[in-house]
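The structure appears right after this line, and notes come after that.
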Amino acid sequence: MTERKKPAYWWEKFSPTKTPHAGAALAALRRGIGQEPGAVPEMWRFHEAELESAVAETGAPSAELTAEHTALTLFAVHQQSQRQPMHRKGTGLGSALRRLSQSPQYKETPDALNARVNALATSADVLELAHHLRGLITLLRGIGQPLDYTQLHDDILAWHYPDGQARVRRRWGAQYYDWSKKSDQPA
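Residue numbering for the sequence shown follows the working numbering, starting at 1212 and increasing by one per position.
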């Protein structure tokens, strides 16, 4: 039996200067914001998750399709008007948000950002999670801070399951508050 290779998602292949019709592609993806996965025909060509099999069993989009759809639309929001790729392998969401917290806008008054991060981390479901992510991604775009969209996709996929939410929440918290470095500081 051959193990299926993990797909290369669209954001992994995207280049602001080399992707043909990059602006039009990003606009097509942004049209999917707030829409049910698979409902926007302009987005179909960007999906790696199988659209037909994703809805065949239950009539509803699969967790995989929902995660990919959400990540695609968020990437399109993030990449808009950016000259550098906003997908950066290895930069988790919590780390990207920590860098945002260190920006001039939030460094002295972090309460508003902390409240947004807390709202994200306590999202009850993927729909609420996507809502909070959109606002935070817009802030990351404002400072040109990229993140790992493949990891974000996996985090959104995990959010469909209670044990997955707990794992993702812990990782985001560890990255955001950088607990690894706090142990080095005197008490």
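For each residue, glycine too, the CB sits at the ideal point set by N, CA and C.
- Rounded to the nearest whole angstrom, the CA to CA distance from ALA1260 to GLU1319 is 42 Å.
- The three-state secondary structure of HIS1298, taken from DSSP, is strand.
- Within the region 1332 to 1389, the complete alpha helix (DSSP H) segments at least 4 residues long are 1337 to 1354, 1360 to 1369 and 1373 to 1388, listed from N- to C-terminus.
- Apart from sequence neighbours up to five positions away, the residues of its chain that approach GLN1386 with a beta-carbon distance below 6 Å are GLY1303, GLY1305 and SER1306, ordered along the chain.
- Distance between GLY1301 and TYR1360, taken at the CA atoms: about 9 Å.
- The residues GLN1356, in chain order, have a CB closer than 6 Å to that of ARG1310 in the same chain once the five nearest residues on each side in sequence are set aside.
- By the criterion of a C-beta distance shorter than 6 Å, ASP1366 is surrounded in its chain by VAL1379, once the five residues flanking it on both sides are discounted.
- With contacts defined as CB atoms closer than 8 Å, TRP1383 and ALA1332 qualify as a contacting pair.
- Inter-segment contact for the region 1247 to 1259 and the region 1321 to 1336 is absent: fewer than three beta-carbon pairs are separated by less than 8 Å.
- Just so you know, the alpha carbons of PRO1227 and VAL1251 end up roughly 23 Å apart.
- Around ARG1242, the same chain offers VAL1251, GLU1253 and MET1254 as residues with beta carbons nearer than 8 Å, after the five sequence neighbours per side are excluded.
- The criterion of a C-beta distance shorter than 8 Å is not satisfied by THR1269 and VAL1337.
- Around ARG1352, the same chain offers HIS1289 as residues with beta carbons nearer than 6 Å, after the five sequence neighbours per side are excluded.
- Contact between ARG1381 and LEU1285 is absent: CB atoms are separated by about 21 Å, not below the 8 Å threshold.
- 8 Å or more divides the Cβ of LEU1350 from the Cβ of LEU1283.
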